[in-house]
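Read through the structure below, which is laid out as structure tokens, and then see the notes.
Residue numbers (this note's numbering): 65 to 331.
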């Protein structure tokens, strides 16, 4: 069985390629700065900030410098067992980190982290897991406090259904996938599934599928020398023209322009 909580403290590692894993990743930046390509977008997490993101999307640390960071990985299956609300699940499953200042979180997160390191070294994760859950909930609450109120929740179990569909899309986006396929993974009718997914994730199934394909395309552009046509096919786009339209709208550049933008970026 994989560990339910993985922790490390230190400088950012060198990442020559983007990778992905089915965990909720927590980054506590004590000093310095983290610069990610997350799903192909540049994201910076500065000193005194804590960030949460679903690491199933391709991510890569770029230009790693001197920084003091507390790294925490929590399997998504563990996080889902906490019974988080629809809005919180939606925030975590989007390709955008939840970032809040440490000073807004009503606990000393770095001190907690050091306690976890000691307890996990002694093979005792039970209390650390409870505290990690509380920390994640507090970060989400801080983020909610700074955003607009969400619409009413769609009903019991909606978050679980949306998670199943999001996981299915993130896993199978490279092949032709329909709304009916995603709905079938959650044992729902397509019409009901579309409504649940939009309510929880704030976007349509089609938009989420395109987002997954764009993230994969950006990863391939930055880690291979494949042609745009090969990248489009490998990422799951039905045609090269569709790929170009979606890519330019999302990235503000052509695939070749996007590759040139990051080509000289240090590992």
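Just so it is clear, CB atoms sit at the ideal spot from N, CA and C, and this is done for glycine as well.
None of the values given here were measured: they were computed from a predicted structure.
1) Give the straight-line distance between the Cα atoms of residue 309 and residue 319, rounded to the nearest whole angstrom.
2) Can you name the residues that DSSP bridges to residue 100?
3) Residues in the same chain with beta-carbon distance under 6 Å from residue 247, minus the five sequence neighbours each way, listed in chain order, please.
4) When the Cα of residue 78 is compared with those of 301, 119, 127 and 317, which residue comes out closest?
5) Using a Cβ-Cβ cut-off of 7 Å (strictly less than) and excluding sequence neighbours within five positions of residue 295, which residues of its own chain qualify?
6) Based on Cα-Cα distance, which residue from 300, 289, 221 and 238 lies nearest to residue 261?
7) Select from 313, 249, 251 and 287 the residue whose C-alpha is nearest the C-alpha of residue 274.
8) Using the three-state DSSP reduction, which class does residue 301 fall into: helix, strand or coil?
9) Ignoring anything shorter than 4 residues or poking outside the region 124-192, list the alpha helix (DSSP H) runs there in chain order.
10) Reducing DSSP to helix, strand and coil, say where residue 83 ends up.
11) For residue 302, which option in 86, 237, 291 and 198 has the closest C-alpha, if you only look at C-alpha atoms?
12) Per DSSP, what kind of secondary structure is residue 283 in: helix, strand or coil?
13) Quick check: is any heavy atom of the ligand GTP less than 8 Å from the C-beta of residue 264?
Looking at the atomic coordinates:
1) Annotation: residue 309 to residue 319 spans about 10 Å, alpha carbon to alpha carbon.
2) Partner(s): 107 and 125.
3) Spatial neighbours of residue 247 in its own chain (CB-CB distance under 6 Å, excluding positions within 5 residues in sequence) are listed in chain order as 254 and 257.
4) Ranking the options by Cα distance to residue 78, first place goes to 127.
5) For residue 295, where only same-chain residues beyond five positions count, the Cβ hits under 7 Å are 281, 284, 285 and 319.
6) Looking at 300, 289, 221 and 238, the one whose alpha-carbon comes closest to that of residue 261 is 221.
7) Distances from the alpha-carbon of residue 274 to those of 313, 249, 251 and 287 put 313 closest.
8) Residue 301 falls in the coil class under three-state DSSP.
9) Complete alpha helix (DSSP H) runs here, min 4: 140-144, 150-157 and 173-185.
10) Note: residue 83 maps to strand in three-state DSSP.
11) Ranking the options by Cα distance to residue 302, first place goes to 237.
12) Residue state, collapsed to three classes: helix.
13) Here there are no bound small molecules, and the ligand GTP is not part of this structure.
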